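J.: One structure, pasted below without further comment.
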Amino acid sequence: MSQTTTSNLLTPQQLTLGISVPHLKFSDTSELITAANKSAQYQAWIAQSEAKKAAEFGLNIHQPGFNLLTLGEPGTGRTTLMLSAMHEAAIKQKSINVPVVSDLVALYQFDANGKPLFLKLPAGAGTELKQALDQFIRNLAKELASLLDEKVKQNSLVPIQAFLNAQLNIIKTHIALIAKDKMPTHYFDLLQQDVLEYMDAWQPGSGNDGDNNLEALLSEGFFGRYRANVLVEHHPDQNAPVLYDNDPSLHSLFGGIESASEANTTLDFMRLRAGNLLRADGGTLLLHLRDILADEQNGLQILEKLHRFLRNGTLQIEDLSSSSSQGSSFVSAQATISVSVKLVLVATREDYYQLLDEKPDFFSFFPIKIEFAEKVKANAENYAAYAAFIAQKCQQFHCHHFKADAVAGLLQAMHRVEEDQTRLSTQFALLEKLMLESVTVADLRGATLVAIEDVKTAINRRYARHSYIEGHMRASIVDNELMITVHGEVVGQINGLTHIDLADASFGSPVRISANCYAGRLDVLTIDREVAMSGPTHDKGVMILQSWLHSNFAQLNPLNMTASLVFEQEYNGVEGDSASCAELFALLSSLSQLPIKQGIAVTGALNQHGEVLPVGGLNEKIEGYFRVCKDIGLDGRQGVLIPQRNKRHLMLSDEVVAAVANGQFHIATMNNVAEGILHITGHSLEEINSLAEVKLSAFKLTLEANLPKIFTK
């Protein structure tokens, strides 16, 4: 008895999401640019509302130890949005008069054998001190000869003392940004004492040697002691520093010491260079975990030094490139610098959880976790935010604005990325690229506004640029090199659907799955698994299939059957459980000897109770199979059978929707095995079970009849 069903056929309207253009409430995106318009980052934050709350909370905790960990996929705005939030927090911090910005200066420490003396000064004061000391050196060099003559004539240091007092008063006058009670008077006293000691020790030489003695003082070895090395400088009105190190290394993060040749007379403290951790003191620094892990040579060392920095709150500038004893002694003699930086570490969830197992204590210094969502609900608020984002990007790039129907097309594309009619992808980087490609299409046709046809053309051109491999496979099917049948009915054979991901492109393609059943007790053998060409997820699907068979046919007696399943002409391996329904249907067809309609391809996973579970890559699978059927020849009987739970994931192309509307193709859903087998064979599961049980009984009799022969052998 043959049966057919149309109750699970989907209408063209169910195959994609139609976005109402009037509900967008604008004719083109130029209307969304107003005097009080918000930035593109502001609009993107609307779609990441929970992440924004966490970011604002973490950035407004000014106590040390509250670093931020930002998790999400690339393209979701992790870097751009966090930088915008960091700048906003810096502005707010300044508005509440939190003095956090300071200059860092390295000086010669006269009472410590020339070891660096680090001073934190108010913003701008570092540059003032440097300029004042440089002027002092020029004045000293200019007056040095006369001062020494006066010393010899008077046999006294009084003239030199008077000169130094006057010069130091000038220095203090020029560094007006330093309060009087914060003035580094101890350093000035030591500087004055050092000059006097050198002057006192100087003696004129006999004959022409006096000039040489003077030349010994007129050198960088003498004057360089009184210079200032401004490691970090800021403008007095500057907000708290916000830095992004997009190529982190030991030197860029922690600073270093410039190498010096033998002829170089630059003193050690003048060769110190600050890294971004010092430059970000009092502010925030954003890093990508991936950039650190990608440094095969120094990545682990960077993480370890970061860990120590977070634990101690101090930093020491080291000569990381030198292993000489001289460099090491200089490094070990340096003082540590107290640094207060809020780190913002951006990572994918995979990198984070992998490193969390290896260094759990490292992430204890990142208590504020910010989760960037990969998808958001499709509602009026988010649609408006995406439209405003598009408008802001049009203004930013000085390009044509988008008509409302074109915005609807971009929104549909974002639904398609997520494969969900109820969710939008937050891949704003992808949205921006598709925008610019659509603008180029509009430019080429001489339009002043981007229309829906431009968006669709851009999408089609993007597909065409990445369709070579799919086209090659489809040509092999049409030429019958890859054997796929899309007409007629065959026993024990079905078209499954594979999803091929090539990183820069993905597509679907049919694959023939065949089954044979015969008397035996080896249950279900998958040839791909036997030759180690299948993955664990596929093998799990087959074992679930086997469990369903046992519960359906062998509740009281063993399953007296051996079945073999294979993906025909598949040489690259099989993974995933999305073909488990197709494998079961092929096996049931072989058992019952009822043919399967070859025009219907099947995708769907199976559980032990016969329920059909949703699968991924659905749109690419359907469209890939449709293109195969179209090239071979549509006859109105072809289609795809999908899980009912996948219905909201459909975002099919206009071509497929039109073919369904014209009756050339169909999409049907199944909630369980019974609905699926009825659709592809026209027979109910009860009928198939009855025929299968007859076959299994015959297998049992065959085995029992051959038992004596087996034992005799």
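Quick note: the sequence shown uses this note's numbering, first residue 107, plus one each step.
Glycine included, each C-beta is placed from N, C-alpha and C at the ideal position.
All values reported here derive from a predicted model rather than from experimental measurement.
1. Return the residue from the list His-644, Leu-740 and Val-746 that minimises the CA-CA distance to Ser-713.
2. Using only the alpha-carbon positions, how far apart do Ala-238 and Ile-281 sit?
3. Three or more C-beta pairs closer than 8 Å, one from the region 483-491 and one from the region 163-181: is that the case here?
4. What residue from Ser-695, Pro-616 and Phe-508 has the CA that sits closest to Gly-723's CA?
5. Going by DSSP, what residues sit across from Ser-102 in a beta bridge?
6. For Ser-325, which residues from the same chain have a beta carbon less than 8 Å from its beta carbon, with the 5 sequence-adjacent residues on both sides left out?
7. What does the alpha-carbon distance come out to for the pair Leu-608 and Thr-709?
8. Please tell me whether Asp-511 and Ile-558 are closer than 7 Å, where the distance is taken between their beta carbons.
9. What does DSSP give as the partner residue(s) for Glu-402 in the beta ladder?
10. Sort Tyr-624, Pro-347, Lys-801 and Ile-783 by Cα distance to Ile-600 and report the nearest one.
11. What is the C-beta distance between His-593 and Gly-705, in whole angstroms, given that I count them as a contact (C-beta under 8 Å)?
12. Enumerated in chain order, which unbroken segments of the beta strand (DSSP E) with a length of 3 residues or greater are wholly contained in the region 179-232?
13. I'd like the ranges of any alpha helix (DSSP H) spanning at least 4 consecutive residues and lying wholly in the region 229-282.
14. Grouping DSSP H, G and I as helix and E and B as strand, with all else coil, what is Leu-116?
15. Helix, strand or coil for Ile-583, going by three-state DSSP, please let me know.
16. Nearest-angstrom Cα distance between His-572 and Glu-587?
17. Using the beta-carbon count (16 or more within 10 Å), is Ser-262 buried or exposed?
18. Determine the direct distance from the alpha carbon of Asn-666 to that of Arg-627, and round the result to whole angstroms.
19. Whole angstroms are fine: how far does the CA of Leu-254 sit from the CA of Met-305?
20. Sorted by chain position, which residues of the same chain lie with C-beta nearer than 6 Å to Ser-900's C-beta, five sequence neighbours on each side aside?
21. Between which two residues does the alpha helix (DSSP H) holding Leu-724 run?
22. Can you tell me which of Ala-441, Arg-396, His-340 and Asn-352 puts its alpha carbon nearest to the alpha carbon of Leu-378?
23. Would you tell me roughly how many angstroms separate the C-alpha atoms of Ala-153 and Leu-177, rounded to the nearest one?
24. Quick check: the Cα distance between Ala-386 and Ile-363, rounded to an integer number of angstroms?
25. Would you mind sorting Ile-807 into buried or exposed? The rule is 16 or more other CB atoms within 10 Å of its CB.
26. Could you give the distance in angstroms between the alpha-carbon of Ala-811 and the alpha-carbon of Leu-802?
27. Within 10 Å of its beta-carbon, does Ile-748 have 16 or more other beta-carbons around it, so buried, or fewer, so exposed?
28. Kindly indicate the opening and closing residues of the alpha helix (DSSP H) around His-656.
29. Just grab the DSSP bridge partners of Ser-444 for me.
30. State the DSSP-derived secondary structure class of Ile-284, mapped to helix, strand or coil.
31. Indicate the three-state DSSP secondary structure (helix, strand or coil) for Lys-465 in the structure shown.
32. Alpha carbon to alpha carbon, how far is Gly-230 from Leu-283? Give it in angstroms, no decimals.
33. Suppose the cutoff is 7 Å on Cβ atoms and the five residues either side in sequence are ignored; what does the same chain contact list for Phe-673 look like?
34. Using a Cβ-based criterion (distance less than 6 Å to any ligand heavy atom), does Thr-632 qualify as near the ligand FAD?
35. Does the Cβ of Ser-429 have 16 or more other Cβ atoms within 10 Å, making it buried, or fewer, making it exposed?
36. With distance defined between alpha-carbon atoms, name the residue in Leu-409, Ser-133, Gln-403 and Leu-323 nearest to Asp-251.
T.: From the atom records:
1. The question names Ser, but residue 713 is Asn in the sequence shown. Of the candidates His-644, Leu-740 and Val-746, the one whose C-alpha sits nearest the C-alpha of Asn-713 is His-644.
2. 7 Å
3. Between the region 483-491 and the region 163-181, the count of Cβ pairs shorter than 8 Å is below three; the stretches do not touch.
4. Pro-616
5. Past the edges of the chain, shown from 107 to 819, lies residue 102, and the structure says nothing about it.
6. Thr-371
7. 20 Å
8. Cβ atoms of Asp-511 and Ile-558: closer than 7 Å.
9. Its beta-bridge partners do not exist; DSSP assigns none.
10. Ile-783
11. 6 Å
12. 208-214 and 222-228
13. 231-260 and 264-280
14. coil
15. In the three-state DSSP reduction, Ile-583 falls in the helix class (H, G or I).
16. 22 Å
17. Label assigned to Ser-262: exposed.
18. 5 Å
19. 7 Å
20. The displayed coordinates of the chain run from 107 to 819. Any statement about residue 900 would go beyond what the structure contains.
21. Its alpha helix (DSSP H) spans residues 724-738.
22. Ala-441
23. 15 Å
24. 19 Å
25. The question names Ile, but residue 807 is Leu in the sequence shown. So Leu-807 counts as exposed.
26. Those two C-alpha atoms are separated by around 14 Å.
27. buried
28. 642-659
29. Thr-420
30. coil
31. coil
32. 7 Å
33. Val-617, Ile-619, Asp-634 and Val-680
34. Judged by which ligands are present, the structure shown has none, so any question about the ligand FAD falls away.
35. Reliability fails at Ser-429, whose pLDDT of 48 lies under 50, so the model's placement of it is uncertain and the value that follows must be treated cautiously. Ser-429 should be labelled exposed.
36. Looking at the sequence itself, residue 251 is Ala, so the reference to Asp does not match. Minimum Cα-Cα distance from Ala-251 among the listed residues Leu-409, Ser-133, Gln-403 and Leu-323 corresponds to Leu-323.
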